[in-house]
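A.B. asks: Here the sequence shown stands for residues 125 to 267, where the numbers follow the working numbering.
Each residue gets a CB set at the ideal place from its N, CA and C atoms; glycine is no exception.
Here it is: the structure, laid out below.
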Amino acid sequence: MKYSGEAKLSSGQRMLEEFQAHLKTEATRREEGKGKTDKTSKILVNVKAGVEHLADKLQHIKASKGHVPQAQLNPEADEYVLDLLATCEEKLLKLLEELDGHDVDETLKQIEEEEFQAGMESTVPHNNTRIKLPTTQRDMVYD
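Pasting the structure below:
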């Protein structure tokens, strides 16, 4: 009869080493998966913030007449970002339709002038008011 205790120990130790190697491989995979999940989560948060910012910028534009009014979107809902993005898309398409045929440079110049005037009016003190005098037609005798 041979002593087989050492052989059993070595096969058990070999199996233990195999499982430890497998554990190490899976731990590496888990860390990689966790890193990808964190990165994806950050991207989703940035996308949600961007879509909400776009929706805030487009808030003054009314949806098209054929659009059925929606209830207030719940920010906690799974489909919130998709619904908000669809609403933004509709508003942007409406805005493009309205701007079709307009000269973009002229429109931008007009907007800049309006912003400049609004800025100038906000910096003028309240006691400095401008009064428009009625214009009278001059006699063209001397011209």
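In angstroms with no decimal places, state the Cα-to-Cα distance between Glu155 and Leu216.
C.D. replies: Mapped onto the sequence shown, residue 155 falls at position 31. Mapped onto the sequence shown, residue 216 falls at position 92. When rounded, the distance between both Cα atoms is 41 Å.
A.B. asks: Would you mind working out which of His226, Ile185, Asp227 sits nearest Ser213, comparing C-alpha positions?
C.D. replies: As a working note, residue 213 is residue 89 in the sequence shown. First, the amino acid is wrong: residue 213 is Glu here, not Ser. Comparing Cα-Cα distances from Glu213 to each of His226, Ile185, Asp227, the minimum goes to Ile185.
A.B. asks: Could you compute how far the alpha carbon of Lys233 sits from the alpha carbon of Thr161?
C.D. replies: The count along the sequence shown starts at 1 and reaches residue 233 at position 109. The count along the sequence shown starts at 1 and reaches residue 161 at position 37. So the alpha carbons of these two residues sit roughly 46 Å apart.
A.B. asks: Are the CB atoms of Val248 and Leu209 nearer to each other than 9 Å?
C.D. replies: Taking the first residue of the sequence shown as 1, we reach residue 248 at position 124. Taking the first residue of the sequence shown as 1, we reach residue 209 at position 85. Not in contact: Val248 and Leu209 (Cβ atoms no closer than 9 Å).
A.B. asks: Applying the 10 Å Cβ sphere with the 16-neighbour rule, what's the burial state of Val228?
C.D. replies: Indexing the sequence shown from 1 puts residue 228 at position 104. Exposed, since its Cβ has fewer than 16 Cβ neighbours within 10 Å.
A.B. asks: Helix, strand or coil, according to DSSP, for Glu245 in the structure here?
C.D. replies: Counting from one through the sequence shown, the residue named residue 245 turns up at place 121. Helix, per DSSP.
A.B. asks: Nearest-angstrom Cα distance between Val169 and Gln183?
C.D. replies: For the purposes of this step, residue 169 is taken as the residue at position 45 of the sequence shown. For the purposes of this step, residue 183 is taken as the residue at position 59 of the sequence shown. Straight-line Cα distance between these residues: approximately 21 Å.
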